[in-house]
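Q: My questions will all concern the structure given below.
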Amino acid sequence: MTAVSYRLQGEVAVLAIANPPVNALSLPVRTGLMEGLRRAAGDDAVEAVVLTGSGGVFSSGADINEIASGAALTPPTLRDLQETMEASRKPLVAAIDGIAFGGGFEIALTCHWRVGSSSARVGLPEVKLGLLPGAGGTQRFTRLAGPAAALEAITSGAPIAASRALELHLLDAIGDDPLAAAIELARAALHERRPLRVTSEIGEHLPEGTAELFADFRRRIAAKARGQLAPARIIDSIEVACTRPREEAFRLERQYFLECRDSPQRKALTHVFFAEREARRIPGLPPDTEPLPIRTAAVIGAGTMGGGIAMSFANAGIPVALLEVSSEALERGLEVIRRNYAASVARGSLTQARAAQTLALIRGVSDYQALGDADIVVEAVFESLALKREVFARLDAVAAAHTVLATNTSTLDIDAIAASTHRPAQVVGTHFFSPANVMKLLENVRGRQTSARTIATVMALGKTLGKIPVLAGNCDGFIGNRMLMFYGSEAEFLLEEGATPEQIDRVMEGFGFAMGPLAVRDLAGNDVGFLIRKGRTLPADERWSPILERIVAAGRLGQKTGKGFYRYEGRTRSVDPEVTALIEGVSRELGVRRRAIPDEEILERLLHPLVNEGARILEEGIAIRASDIDVVYVYGYGFPAWRGGPMFWAEQAGLTRVVETMRRLAPTHGARWGPAALLERLAREGSGFGSVRSPAGGPRHG
Ligand code: T1G
């Protein structure tokens with residue numbers, strides 16, 4: 150089957166890209182398009198050309214693998230195609246169904262006109278790969294829609310609905326049958342002898358492209374885009390569309406694109422893109438394993454997590470019963486959900502109708518018998534093993550035989566919970582991250598007896614809920630929280646030795662975390678962190694720092710009490726001399742002589758233990774692959790995606806440095822802080838994590 154089909158509909162040639170699953174513009178597609186364009190140009194019977202995609206997709210853009218390998222530069226390149234298109238004397242119309250993203254949308258923007266289906270989405274998401282639209286996208290989009298819309302759309306990479314694209318003149322018409330509508334538009338253009346609209350020639354200087362617009366926008370995204378190259382170059386590229394002659398502007402866009410393409414950030418973001426998709430592959434799962442269809446759900450517990458999980462199901466169109474035995478607690482939980490949807494409507498991110506429709510899918514109940522035939526029940530009660538075992542025993546008695554019983558526990562033993570049921574094969578962990586209706590990561594945890602079908606079901610559910618699922622083995626803390634223990638402890642040890650909360654958080658936020666470790670503790674609640682810690686027993690050669698205990702004892706629970714490691718005015722934090730005194734007091738008690746600690750030491754001593762524990766998790770088979778650990782940290786713990794995740798970052802920085810740090814820490818911190826054997830081996834061999842896979846059976850059990 151050719152990558153591009155060519156057929157005549159009367160005097161109109163129809164070129165359809167056929168490169169499943171997403172019509173990426175790989176070399177065979179580009180070649181097929183070039184052949185089709187030339188054939189149409191040379192055939193007098195052809196008076197117009199319509200470009201479309203088959204399989205319900207226009208195109209997802211350039212082939213990301215080819216960008217990494219350089220094959221994207223093998224002629225005909227996208228720019229070769231665009232030159233041929235702009236030289237056409239015959240009308241070119243794009244018919245867009247499904248998505249037209251990246252280079253796919255850039256090809257459509259090079260057509261003279263564009264028609265979309267009402268459900269079509271267009272966009273330039275290159276920024277998510279550390280790139281900028283390299284085939285004229287910043288130029289043509291800006292000329293059609295104006296710089297303000299271009300700045301928002303291309304620095305966010307967000308998809309644009311057809312109706313909005315029409316408003317922005319990115320589409321010229323919307324039709325239920327975009328192909329027929331495109332052919333009709335082409336015939337009208339012929340009949341009316343419409344001048345061909347070459348989008349790259351629209352408006353030489355765009356009046357609204359004022360210096361203030363760009364200065365304001367740069368200020369507005371400074372925090373979010375800190376340290377990142379692509380957003381900055383996208384703004385530069387849109388600015389030159391408004392201020393420089395066309396030829397120069399296109400040349401500069403190309404220059405900026407190549408700069409981004411060759412940056413470490415592009416490599417890191419491409420790694421994350423494929424890592425997300427690789428995480429769905431579970432070795433050892435029989436290939437014919439069919440996930441259980443999830444048509445209805447139930448959630449036990451209407452607290453923050455339970456409410457957020459219920460919203461996740463409703464947002465995906467799945468009716469969900471939210472169970473809370475106390476009617477007051479149930480009403481409180483439902484009220485929080487109602488307020489969340491109202492806030493989305495107020496923000497304009499949801500229509501009133503859509504909010505009402507979604508809310509109607511959530512049914513509050515107080516009786517286990519009301520759970521009916523839910524296909525999955527997610528328990529989200531207080532983090533107590535005894536309580537969870539009691540809930541699972543009750544669920545086991547009332548749930549339908551096929552129902553999957555999932556626990557949202559963040560660290561407790563899945564096997565111990567499964568043992569309170571007669572269906573351990575259908576018990577699994579589904580660890581959501583707060584706020585559950587927002588955070589993308591879904592850390593699924595398999596127990597010793599969790600069946601292949603149950604695993605396949607919760608992995609597929611992750612995608613259905615619009616989340617990014619990763620499978621973990623069963624151990625204390627699974628993947629994310631187990632690594633976090635070391636990160637959090639080391640932050641406090643650094644405080645004892647001379648660092649301050651503001652220095653530590655500044656260093657980690659400068660690295661790219663949305664929030665540093667102490668600010669995160671204040672957000673999550675220091676009492677929560679302390680409670681989890683109290684439930685754990687450390688090896689004899691390890692200790693906790695007393696700092697967190699002192700902070701909690703002083704009533705400094707974090708943002709919710711207006712003070713924690715910082716003092717708060719709302720969400721704004723400031724240094725609190727009382728905390729400085731508290732920390733210095735602990736140093737004195739411990740006989741530690743405080744010293745100025747270099748930022749670099751803080752960064753390495755926080756990230757290397759994270760990577761080292763990740764290596765242990767990998768060698769124990771708790772994680773299937775290192776890139777899964779990267780996905781967990783990027784989507785669950787705010788690790789900057791443009792650094793690729795902890796394991797990818799460590800490989801780039803050099804695994805030997807991690808080994809050296811852990812060798813330095815082990816004598817004072819305990820044997821577990823010594824370098825993982827896998828890490829020492831890889832560092833010795835000079836190889837990376839890519840070669841490491843867990844045993845075929847998937848993660849073993851901690
Ligand atoms: N290139 C190569 N493979 C791609 C791809 C692409 N552009 N898009 C998707 N895939 C693979 C993906 O890895 C997966 O493979 C399969 O297709 C299904 O994808 C010059 C330089 C389109 C919204 O950034 O956002 O154009 O795991 O599981 O959930 O300016 O894929 O099955 O082996 O994600 O339905 C810009 C990236 C490229 C869009 C579909 N375009 N893709 O989501 O399926 S750079 C993008 C997506 C560019 C130009 C620049 C999503 C999707 P496998 P999937 P999905």
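Each residue of the sequence shown is one higher than the one before, starting from 150 at the first, in our numbering. Glycine residues also receive a C-beta, built at the ideal position from the N, C-alpha and C atoms.
On a CA-only basis, which of Leu561, Arg512 and Gly819 is nearest Phe642? Give me that one, please.
A: Mapped onto the sequence shown, residue 642 falls at position 493. Measuring from the Cα of Phe642, the nearest candidate turns out to be Gly819.
Q: Which of the three DSSP states, helix, strand or coil, is assigned to Ser840?
A: Looking up residue 840 in the sequence shown gives position 691. Three-state DSSP puts Ser840 in a helix.
Q: Rounded C-beta distance between Ala244 and Thr201? I'm assuming under 8 angstroms.
A: Taking the first residue of the sequence shown as 1, we reach residue 244 at position 95. Taking the first residue of the sequence shown as 1, we reach residue 201 at position 52. Indeed, because the Cβ distance is near 4 angstroms, the residues count as touching under 8 angstroms.
Q: Does at least one heavy atom of ligand 1 sit under 7 angstroms from the Cβ of Pro274?
A: Within the sequence shown, numbered from 1, the residue matching residue 274 stands at position 125. It does: the Cβ of Pro274 is within 7 angstroms (strictly closer) of some heavy atom of ligand 1.
Q: In whole angstroms, give me the CA-to-CA distance for Arg743 and Val760.
A: Taking the sequence shown and counting its residues from 1, the one referred to as residue 743 is at position 594. Taking the sequence shown and counting its residues from 1, the one referred to as residue 760 is at position 611. Their backbone Cα atoms lie some 27 angstroms apart in a straight line.
Q: Considering Cα atoms alone, identify which of Gly578, Asn557, Thr606 and Ala314 is closest to Leu442.
A: Against the sequence shown, residue 442 aligns to sequence position 293. Leu is not the amino acid found at residue 442; the sequence shown has Pro there. Taking only the C-alpha atoms, the option nearest Pro442 is Thr606.
Q: Contact check, Gly324 vs Ser266 under 8 angstroms by CB: the rounded distance?
A: Mapped onto the sequence shown, residue 324 falls at position 175. Mapped onto the sequence shown, residue 266 falls at position 117. Right, their Cβ atoms sit about 7 angstroms apart.
Q: Thr861 bridges to which residues according to DSSP?
A: Missing from the structure shown is residue 861; the chain here goes from 150 to 851 and no further.
Q: Could you tell me which residues DSSP puts in a beta bridge with Tyr155?
A: The residue given as residue 155 occupies position 6 in the sequence shown. Under DSSP, Tyr155 forms a beta bridge with Leu164.
Q: Looking at the secondary structure, which residues open and close the beta strand (DSSP E) in which Pro688 lies?
A: For the purposes of this step, residue 688 is taken as the residue at position 539 of the sequence shown. No beta strand (DSSP E) holds Pro688; DSSP gives it neither H nor E.
Q: State yes or no: is the C-beta of Glu426 nearer than 7 angstroms to some heavy atom of ligand 1?
A: Reading the sequence shown from its first residue, position 277 is the one you call residue 426. Reading off the sequence shown, one finds Arg at residue 426, where the question assumed Glu. True, at least one ligand heavy atom lies under 7 angstroms from that Cβ.
Q: Bridge partners for Phe581 per DSSP, in chain order?
A: What you label residue 581 is simply residue 432 of the sequence shown in a count that begins at 1. Partner(s): Leu591.
Q: Residues in its own chain within less than 7 angstroms of Ala398 by CB, not counting five upstream and five downstream?
A: Translated into the one-based positions of the sequence shown, residue 398 becomes position 249. The residues are Gln288, Val389 and Ala390.
Q: Taking 8 angstroms as the threshold (C-beta atoms), are Pro795 and Ile778 in contact?
A: For the purposes of this step, residue 778 is taken as the residue at position 629 of the sequence shown. For the purposes of this step, residue 795 is taken as the residue at position 646 of the sequence shown. It is a contact, given that the beta carbons lie within the stated cut-off.
Q: Among the candidates Ile449, Ala495 and Arg488, whose CA atom is the shortest distance from the CA of Glu473?
A: What you label residue 473 is simply residue 324 of the sequence shown in a count that begins at 1. Of the candidates Ile449, Ala495 and Arg488, the one whose C-alpha sits nearest the C-alpha of Glu473 is Ile449.
Q: Rounded to the nearest angstrom, what separates Arg699 and Ala832 at their Cα positions?
A: The count along the sequence shown starts at 1 and reaches residue 699 at position 550. The count along the sequence shown starts at 1 and reaches residue 832 at position 683. Near 39 angstroms, if we compare the C-alpha coordinates of Ala832 and Arg699.
Q: Could you compute how far the alpha carbon of Thr686 sits from the alpha carbon of Asn630?
A: Translated into positions along the sequence shown, residue 686 becomes position 537. Translated into positions along the sequence shown, residue 630 becomes position 481. So the alpha carbons of these two residues sit roughly 15 angstroms apart.
Q: Might you give, ordered along the chain, the residues of its own chain that have their beta carbon closer than 6 angstroms to the beta carbon of Leu644, omitting 5 neighbours on each side?
A: In the sequence shown, residue 644 corresponds to position 495, counting from 1. Closer than 6 angstroms at Cβ, skipping near neighbours: Ile696 and Ile732.
Q: State the beta-bridge partners of Leu471 as determined by DSSP.
A: Here residue 471 is taken as the residue at index 322 of the sequence shown, counted from 1. Answer by DSSP bridge pairing, in chain order: Val448 and Gly513.
Q: Is Arg188 helix, strand or coil by DSSP?
A: What you label residue 188 is simply residue 39 of the sequence shown in a count that begins at 1. It is helical.
Q: Hey, quick one: how far does the alpha helix (DSSP H) through Arg368 stretch, first residue to last?
A: Taking the sequence shown and counting its residues from 1, one reaches residue 368 at position 219. Start and end: Ala360 to Ile370.
Q: Residues in its own chain within less than 8 angstroms of Pro789 by CB, not counting five upstream and five downstream?
A: Translated into the one-based positions of the sequence shown, residue 789 becomes position 640. For Pro789, where only same-chain residues beyond five positions count, the Cβ hits under 8 angstroms are Gly376, Phe660, Gly661, Phe662 and Val783.
Q: Using 8 angstroms for Cβ pairs, my map puts His420 next to Ser776. What's the rounded Cβ distance?
A: As a position in the sequence shown, residue 420 is number 271, starting the count at 1. As a position in the sequence shown, residue 776 is number 627, starting the count at 1. Contact flag correct, Cβ pair sits at about 7 angstroms.
Q: With a CB to CB cut of under 6 angstroms and the five nearest residues on each side skipped, what residues in its chain are close to Ala424?
A: Walking along the sequence shown from the start, residue 424 turns up at place 275. Closer than 6 angstroms at the Cβ level, and outside the excluded window around Ala424, lie Ser776, Asp779 and Val780.
Q: Pairing CB atoms from the region 757-771 with CB atoms from the region 615-627, are three or more of them under 8 angstroms?
A: yes
Q: Can you tell me whether Ala845 is buried or exposed? The criterion is at least 16 other CB atoms within 10 Å of its CB, across all chains shown.
A: Residue mapping note: residue 845 aligns to position 696 of the sequence shown, counting from 1. Bear in mind that the predicted position of Ala845 carries a pLDDT of just 45, short of 50, making it unreliable; the figure below should be weighed with that in mind. Per the 10 Å Cβ criterion, exposed.
Q: From Ala799, Arg343, Ala703 and Gly452, pick the residue whose C-alpha is nearest to that of Ala730; which is it?
A: On the sequence shown, position 581 is the one that residue 730 refers to. Minimum Cα distance to Ala730 is reached at Ala703.
Q: Please name the residue, chosen from Val807, Arg765 and Gly803, that lies closest to Arg842 on a Cα-to-Cα basis.
A: What you label residue 842 is simply residue 693 of the sequence shown in a count that begins at 1. Minimum Cα distance to Arg842 is reached at Arg765.
Q: Using a Cβ-Cβ cutoff of less than 6 angstroms, which residues in the same chain neighbour Leu499 once the five nearest sequence positions on both sides are dropped?
A: As a first step, residue 499 is located in the sequence shown; it is residue number 350 there, counting from the start. Contacts found: Ser493.
Q: If you draw a straight line from the C-alpha of Tyr538 to the C-alpha of Glu800, how long is it?
A: By 1-based counting over the sequence shown, the position of residue 538 is 389. By 1-based counting over the sequence shown, the position of residue 800 is 651. Looking at the sequence provided, one finds Arg at residue 538 rather than Tyr. Those two C-alpha atoms are separated by around 41 angstroms.
Q: Whole angstroms is fine: what's the gap from His850's alpha carbon to Asp625's?
A: Within the sequence shown, the letter at position 701 stands for residue 850. Within the sequence shown, the letter at position 476 stands for residue 625. Interpretation of His850 is limited by its pLDDT of 48, a score under 50 that renders its predicted location unreliable; no figure is taken from the coordinates.
Q: Compute the minimum distance between the beta carbon of Gly615 and the heavy atoms of ligand 1, and state whether it is under 7 angstroms.
A: Residue 615 sits at position 466 when you count from the first residue of the sequence shown. No, ligand 1 has no heavy atom inside 7 angstroms of this Cβ.
Q: Do Ala447 and Val526 have their beta-carbon atoms positioned less than 8 angstroms apart in this structure?
A: Stepping through the sequence shown from its first residue, residue 526 is reached at position 377. Stepping through the sequence shown from its first residue, residue 447 is reached at position 298. Yes.
Q: Less than 7 angstroms between C-beta atoms, sequence neighbours within five positions excluded: which residues of the same chain meet that for Phe635?
A: Looking up residue 635 in the sequence shown gives position 486. So the qualifying residues of the chain are Pro758, Leu759 and Glu762.
Q: Rounded to whole angstroms, what is the Cα-Cα separation between Pro436 and Arg429?
A: Here the question's residue 436 lines up with position 287 in the sequence shown. Here the question's residue 429 lines up with position 280 in the sequence shown. Cα to Cα, the separation comes out at about 13 angstroms.
Q: Determine the DSSP secondary structure at His850, reduced to helix, strand or coil.
A: For the purposes of this step, residue 850 is identified with residue 701 of the sequence shown, where counting begins at 1. A caution first: His850 carries a pLDDT of 48, below 50, which makes its placement in the model unreliable, though a value can still be read off. Looking at His850 - three-state DSSP - the assignment turns out to be coil, as it is neither helix nor strand.
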